[in-house]
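Following: one structure in structure tokens, then a few remarks.
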Amino acid sequence: EADWAHAVEAAEKFGGLHGLVNNAGIYQPAALMETDDALWQRHVQINQYGCW
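Using the working numbering, the letters of the sequence shown correspond one by one to residues 299 to 350.
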């Protein structure tokens, strides 16, 4: 809730909210030859579809 309070404070200070970014992402490093389908699909699902 403290984050929401900071957001409201900033909006009041700067004259309102003019945009909002919804973002999601992960990074799980692995060598290409060690990346299995499950890891690849997890990255795709979160990084490409996570914000919808």
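Cβ atoms here follow ideal geometry from the backbone N, Cα and C, with glycine treated the same way.
For D335, the enclosing alpha helix (DSSP H) stretches over residues D335 to H341.
When secondary structure is reduced to three states using DSSP, W302 falls in the helix class. Its chain contains A309 as the residues whose beta carbon lies nearer than 7 Å to that of L315, once the 5 sequence neighbours on both sides are disregarded; these appear in chain order. The beta-carbon separation of G348 and G323, rounded to 7 Å, stays under the 8 Å limit for a contact. With respect to the C-alpha of Y325, the residue from D301, A300 and Q346 having the closest C-alpha is Q346.
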